[in-house]
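Participant: If you read the protein sequences in the order shown, they are chains R and L.
This note's numbering applies: residue 943 is where the first sequence begins, and numbers increase by one.
This note's numbering applies: residue 249 is where the second sequence begins, and numbers increase by one.
Even for Gly, the Cβ is constructed at its ideal location relative to N, Cα and C.
Predicted, not measured: the structure shown is a model, and the values here were computed from it.
Sharing a structure here in structure tokens format.
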Amino acid sequence: MYKAILAIRYLFKRRISYFSLAAVALCVFVVLVVITVLSGLTSEFKKNTYRSVGDCVISTKSLVGFPYYDEFISRLEKESIVQAASPVIKNYAMVKSTESLNGAPYIDRTLEVMGVEPITYSRVTGFADWLVYNKADAQKAFTQSYDANAPGCVMGIGFLFQRDSQGQYIIPDQKPTFKVEISCVPLTAKGALANVGTTVVNTKDFAFSDCAKSGISIDWKTIYLPFDQVQILCGMGMEPKRTNEIFIKFEPDVKLSAGCQRVSQLWRGFVEEKADARYANLLGKVKVQSWKIYSRDIVAVAETQQMLMIMCFAMIAVITVFIVFVVFYMIVSHKSKDIGILKSVGVSSGNILVLFLSFAFLVAVLGSIIGSLCGWQFLVYINQIEDCMFERFGIQLFDRTIYAIGDIPNVIDIKVLAGIIISAIATCLIGAVIPSWQAARLKPIETLQVNQL
Amino acid sequence: MSDNSFLIKAENIHKSYRMGLADVNVLKGVDLTIKKGEFLAIIGSSGSGKSTLLHILGTLDRPDKGVVRYDGRDLSDCSNRELNKFRNKMVGFVFQFYHLLDELNVLENVFLPAMASKSILGWMRARRAAKTRAKELLSQFGLDARVGHKPFQLSGGERQRVAIGRALMNEPTVLLADEPTGNLDSETGNGILQVFEKLHKAGQTIVMVTHNQRIAKRAGRIVTLEDGKIRKI
Chain R
943 MYKAILAIRY LFKRRISYFS LAAVALCVFV VLVVITVLSG LTSEFKKNTY RSVGDCVIST
1003 KSLVGFPYYD EFISRLEKES IVQAASPVIK NYAMVKSTES LNGAPYIDRT LEVMGVEPIT
1063 YSRVTGFADW LVYNKADAQK AFTQSYDANA PGCVMGIGFL FQRDSQGQYI IPDQKPTFKV
1123 EISCVPLTAK GALANVGTTV VNTKDFAFSD CAKSGISIDW KTIYLPFDQV QILCGMGMEP
1183 KRTNEIFIKF EPDVKLSAGC QRVSQLWRGF VEEKADARYA NLLGKVKVQS WKIYSRDIVA
1243 VAETQQMLMI MCFAMIAVIT VFIVFVVFYM IVSHKSKDIG ILKSVGVSSG NILVLFLSFA
1303 FLVAVLGSII GSLCGWQFLV YINQIEDCMF ERFGIQLFDR TIYAIGDIPN VIDIKVLAGI
1363 IISAIATCLI GAVIPSWQAA RLKPIETLQV NQL
Chain L
249 MSDNSFLIKA ENIHKSYRMG LADVNVLKGV DLTIKKGEFL AIIGSSGSGK STLLHILGTL
309 DRPDKGVVRY DGRDLSDCSN RELNKFRNKM VGFVFQFYHL LDELNVLENV FLPAMASKSI
369 LGWMRARRAA KTRAKELLSQ FGLDARVGHK PFQLSGGERQ RVAIGRALMN EPTVLLADEP
429 TGNLDSETGN GILQVFEKLH KAGQTIVMVT HNQRIAKRAG RIVTLEDGKI RKI
């Protein structure tokens, strides 16, 4: 009992204890805030990336694409693990707007075009939810009423509209009405230019029908077109028709690796079956990948940032151990007389060790509680704080004109919080163990001598 | 009690300390016997090894050579656990500088030895009796009004009386006092000695270390430590 009483009294009656308490609280605060914000950004980024491709992707880097995709999709749809599958053509195009109506900007640049079937594509991805004017209604994605001769196109919101300082796109209430001229270089199934000797490129006018806001970089560089139109533009429309990607979504209870393995197996069987078919060589260049591997170029950046932050926090933990060590070393030096007194009344070295480790435990728990509460409050108001700083000093943590985020993520993950608190306690105990061990080993006669006072 | 009726018997005690490069032999074969109920004063000049001997008698330190027997039992055979228990139950220390814990109040300082020997559950059961005993001791020493005070709020004499109360808390068989009046004025010191005399009359065995002949004369027997040995018994 005396251990608990003394540990509590050491904590509250000794000013030096407040330094270790403050060190722990500060570290917990910083780690909680930064991990919450960064994890929020990373997980939102991953979620958006996942929602842009589905669970599994069958793709080739070749712009020629691969044939018989519709036959394979039919097979996939019969599989119990597959919820939906959709063909996608990705290619590059020159996009030019010949007119600028209702405030829409003039466009003349190279963009990535994605040929999609809006209904199936929405079943696999979040496409329907990304639509700004026809939200959740994928069927109307390419529908527009002002030009009966031009098919519709959905443009990534990033190059169409500007963002305000809060990160919100400034979207006009009235849908812009303008047309864009899209030119692609069509390739034959053998990889040769399809229109050699004629015009080389295929060009077609499309009328703006909607814009899409996915929250990732495709918002700045992609224009969505009807699948069959892109097939024609890219020279993939001749029999056997081709695509260069198939996005697949699994049923919710299917594990990603198991699902991808099954699709790989199916694909291998399909390729073998089609070995003698026309242009079968194109099927050999196709890969089956999970969305994580398919998107690793962009996801890896976020994960690397997260790893770097974890390393930074590991260093913070080392610094905390050192601070706690120094503070406890000083406390033990100040309390050597107490150790002698306690031993003179029969307290064992083991109990002295427990006393100081209990003290460290209290510092860690209380420091963690204070740090967590401060961190929680800071996160609750982090967006208001950032707004206030921006309004008064022009400081913005994440420039919304650059970063694809709205509010700063501030939802605390209980598991992360528990991990931080457990780490803080472990850190404190590690920092305190050597001074506590030294305290336990002190000889009472050395601490009680007159010249030690 | 053992066959020769001595409570504590120290035989041929040697103790040396390392000071810089040299070994300093503090005790060079001390033989000392203390009877139960005896009030013994050990005198000697500063650095003669009085405190070292007292610490060895109270098992705060171990001799390099020699044997200390308590009630016939050789204490060098005891484990650390047994020695801790021995210090808790059998010995009460009174130091020149009181050595009270600043974080505890007067009452808590007094019942500290009772609390130290018990687990949390054991203490829950014994708490009431321990507090009553501590209050009785404080009342006996005229400190009823100081129960809730912190050591720094007390005078030197009051602190020493609190230290004596703590030493007596577990009703030890021997009270070991190291210059108990060394830090007090003569009047206050006299009050402390009166407390010791009263305890002695009640049957308490007391071993007191002092360098002051006048104070030593208050004890029933005086031994002198000189050049690391007991000169006269």
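For the putative contact between K1121/R and A1083/R, defined by C-beta atoms under 8 angstroms, what is the C-beta separation to the nearest angstrom?
Facilitator: Incorrect: roughly 17 angstroms between the Cβ atoms, too far for contact.
Participant: According to DSSP, simplified to helix, strand and coil, what is A1360/R?
Facilitator: Of the three classes helix, strand and coil, the one that applies to A1360/R here is helix, per DSSP.
Participant: Give me the chain R residues within the contact set of E351/L, using Cβ-Cβ distance strictly less than 7 angstroms, ordered along the chain.
Facilitator: In chain order: L948, R951, Y952, K955.
Participant: Can the beta-carbon of R956/R be found closer than 8 angstroms to that of I1261/R?
Facilitator: For R956/R and I1261/R, no; Cβs fall outside 8 angstroms.
Participant: Counting only runs that start and end within the region 307–337 of chain L, where is the alpha helix (DSSP H) found for 4 or more residues in a row?
Facilitator: As far as the region 307–337 of chain L is concerned, its whole alpha helix (DSSP H) runs of at least 4 residues are 328–337.
Participant: Going straight from the alpha carbon of G1201/R to that of N1091/R, what length do you get?
Facilitator: Near 42 angstroms, if we compare the C-alpha coordinates of N1091/R and G1201/R.
Participant: Enumerate, from N- to C-terminal direction, the unbroken beta strand (DSSP E) stretches of 3 or more residues contained entirely within the region 1005–1082 of chain R.
Facilitator: Those beta strand (DSSP E) runs which fall completely within the region 1005–1082 of chain R and span 3+ residues are 1024–1039, 1050–1058.
Participant: Compare the C-beta of Y960/R against all C-beta atoms of chain L and say whether one is closer than 8 angstroms.
Facilitator: Cβ-Cβ to chain L under 8 angstroms: no for Y960/R.
Participant: Cα-Cα, which of F1189/R, T1067/R, R1184/R, P1060/R is closest to S1151/R?
Facilitator: Nearest option by C-alpha distance: P1060/R.
Participant: Would you say S1300/R lies against chain L (beta-carbon separation less than 8 angstroms)?
Facilitator: Answer no: the Cβ-Cβ gap between S1300/R and chain L never drops below 8 angstroms.
Participant: Just mark K496/L as buried or exposed, buried being the case when its beta carbon has 16 or more other beta carbons within 10 Å.
Facilitator: Chain L is shown only over 249 to 481; residue 496/L falls outside these bounds and no answer can be derived.
Participant: Give me whichever residues DSSP pairs with D1195/R in a beta bridge.
Facilitator: Answer is none; D1195/R lacks a bridge partner.
Participant: Determine, using beta carbons only, whether P361/L comes closer than 8 angstroms to chain R.
Facilitator: True, the Cβ-Cβ gap to chain R drops below 8 angstroms.
Participant: Which residues in chain R sit within 9 angstroms of D325/L, going by Cβ to Cβ distance?
Facilitator: Simply none; closest approach about 18 angstroms.
Participant: For a quick check, are the C-beta atoms of N1144/R and I1174/R less than 8 angstroms apart?
Facilitator: Contact flag set, yes.
Participant: When the Cα atoms are used, what is the spatial distance from F359/L to E445/L?
Facilitator: Each residue's Cα considered, the two are about 23 angstroms apart.
Participant: Going by C-alpha to C-alpha distance, which of D322/L, A364/L, A382/L, V315/L sits closest to N332/L?
Facilitator: When each option's Cα is compared against that of N332/L, the closest is A364/L.
Participant: With a Cβ-Cβ cutoff of 8 angstroms, do Y1166/R and V1058/R count as a contact?
Facilitator: Against a cut-off of 8 angstroms, the Cβ pair of V1058/R and Y1166/R comes out as a contact.
Participant: Return no unless some Cβ of chain C is closer than 8 angstroms to the Cβ of S403/L.
Facilitator: This model lacks chain C altogether, as its protein chains are R and L.
Participant: Please report the distance separating the alpha-carbon of V1055/R from that of S1156/R.
Facilitator: Spanning the two alpha carbons is a distance of roughly 15 angstroms.
Participant: Please state whether the Cβ-Cβ distance between V1266/R and T1369/R is less than 8 angstroms.
Facilitator: Yes. Within cutoff.
Participant: When burial is assigned at 16 or more other CB atoms within 10 Å of the CB, is M1178/R buried or exposed?
Facilitator: Per the 10 Å Cβ criterion, buried.
Participant: If we cut at 8 angstroms on Cβ distances, does S1365/R have a partner in chain L?
Facilitator: With 8 angstroms as the cut-off, S1365/R does not count as an interface residue toward chain L.
Participant: Please tell me whether D309/L has its Cβ less than 8 angstroms away from any Cβ of chain R.
Facilitator: Yes, its Cβ sits closer than 8 angstroms to a Cβ of chain R.
Participant: Taking 8 angstroms as the cut-off, decide whether the C-beta atoms of S299/L and D426/L are in contact.
Facilitator: Against a cut-off of 8 angstroms, the Cβ pair of D426/L and S299/L comes out as a contact.
Participant: Applying a beta-carbon distance threshold of less than 9 angstroms, which residues of chain L neighbour L1284/R?
Facilitator: Here the neighbours are L349, L360, A364.
Participant: Relative to the C-alpha of F1270/R, which candidate in A965/R, I1124/R, E1215/R has its C-alpha closest?
Facilitator: When only C-alpha atoms are compared, the closest one is A965/R.
Participant: Mind checking whether V1295/R and W1233/R have CB atoms under 8 angstroms apart?
Facilitator: Residue identity differs from the one stated: residue 1295/R is Leu in this sequence, not Val. No, Cβ-Cβ distance for L1295/R and W1233/R is not below 8 angstroms.
Participant: How about F1192/R and V1024/R: are their beta carbons less than 8 angstroms apart?
Facilitator: Taking 8 angstroms as the Cβ cut-off, F1192/R and V1024/R qualify as a contacting pair.
Participant: Anything in chain R within Cβ reach of F341/L, meaning under 7 angstroms, just list it in chain order.
Facilitator: The contacting residues are S1286.
Participant: For chain R, check one thing: does any of its Cβ atoms lie closer than 8 angstroms to the Cβ of K465/L?
Facilitator: It does not; no Cβ of chain R falls within 8 angstroms.
Participant: What residues in the region 1375–1389 of chain R have a beta carbon less than 9 angstroms from any beta carbon of chain L?
Facilitator: Within the region 1375–1389 of chain R, the qualifying residues are K1385, P1386, I1387.
Participant: Residues of chain R with CB closer than 7 angstroms to the CB of K333/L, please, in chain order.
Facilitator: What K333/L touches in chain R: G1288.
Participant: Taking only the alpha-carbon atoms, compute the straight-line gap between G285/L and G468/L and give it to the nearest angstrom.
Facilitator: The alpha-carbon atoms of G285/L and G468/L are separated by roughly 10 angstroms.
Participant: Quick check: the Cα distance between Q1231/R and R1220/R, rounded to an integer number of angstroms?
Facilitator: Going by the C-alpha atoms only, they are around 25 angstroms apart.
Participant: Taking the C-alpha atoms as reference points, what is the distance between S1300/R and S1290/R?
Facilitator: The alpha-carbon atoms of S1300/R and S1290/R are separated by roughly 15 angstroms.
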